[in-house]
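Numbering (the working numbering), first residue to last: -12 to 114.
Beta carbons are placed, not taken as given, at the ideal position from N, Cα and C, and that holds for glycine.
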Ligand code: 5GP
């Protein structure tokens, strides 16, 4: 897939330590940190450390180790937050936006983890 990664995007700067972040978890391949403008009481962003623009870029080109680590970190955060339904938590939502119609603001792949309040239906149905 022909993606050009912009090394000046804000998450690249966070990964280089040029902009501070409130880190939740950091591993060899993955960083998770609090969203600067939370849309729920808990709003964590999970990003790979590699140079991937969006969902299909990451899953199309990342190594198995990067992909596994990314998901293990995201799942661990849901457990640590106490929101995983399997642990009696009230639940959460994961979202990833891609491109123009997906309204992706930052062109470095990221997963939103939202929790801490009822999140409502995902989108209104197409009429
Ligand atoms: P997107 O619309 O690309 O899916 O989401 C980008 C997210 O990044 C938004 O929720 C926005 O609040 C968050 N964000 C943008 N700039 C910064 C920043 O400098 N630090 C942090 N922690 N989050 C940011």
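Using the three-state DSSP reduction, which class does residue -11 fall into: helix, strand or coil? Looking at residue -11 - three-state DSSP - the assignment turns out to be coil, as it is neither helix nor strand.
Contact under 7 Å by Cβ, residue 89 with residue 27: Judged by their CB atoms, residue 89 and residue 27 are not nearer to each other than the 7 Å cut-off.
Taking only heavy atoms of ligand 1 into account, decide whether any of them is closer than 6 Å to the Cβ of residue 93. Answer for residue 93: yes, Cβ within range of ligand 1.
How about residue 40 and residue 19: do their beta carbons lie closer than 7 Å? With contacts defined as CB atoms closer than 7 Å, residue 40 and residue 19 fail to qualify as a contacting pair.
What I want to know is whether the C-beta of residue -4 ends up closer than 6 Å to one or more non-hydrogen atoms of ligand 1. When distances are taken from the beta-carbon of residue -4 to the heavy atoms of ligand 1, even the shortest one reaches 6 Å or more.
Does any heavy atom of ligand 1 sit closer than 6 Å to the C-beta of residue 24? For ligand 1, at least one heavy atom lies less than 6 Å from the Cβ of residue 24.
For the candidate residues 109, 106 and 84, whose alpha-carbon lies nearest to that of residue 43? For residue 43, the nearest C-alpha among the options comes from 84.
Under the criterion of a Cβ to heavy atom distance below 6 Å, does residue -9 qualify as lining ligand 1? Not under cutoff, so the answer is no.
Between which two residues does the alpha helix (DSSP H) containing residue 46 stretch? First-last of the alpha helix (DSSP H) with residue 46: 42 to 48.
Verify whether the separation of the beta carbon atoms of residue 22 and residue 94 is less than 7 Å. Not closer than 7 Å, so no.
With a threshold of 16 other CB atoms inside 10 Å of the CB of residue 113, please say whether the residue is buried or exposed. Classification for residue 113: exposed.
I think residue 100 touches residue 81, with their Cβ atoms under 8 Å apart; what is that distance to the nearest whole Å? Cβ atoms of residue 100 and residue 81 come within 8 Å of each other, at about 6 Å.
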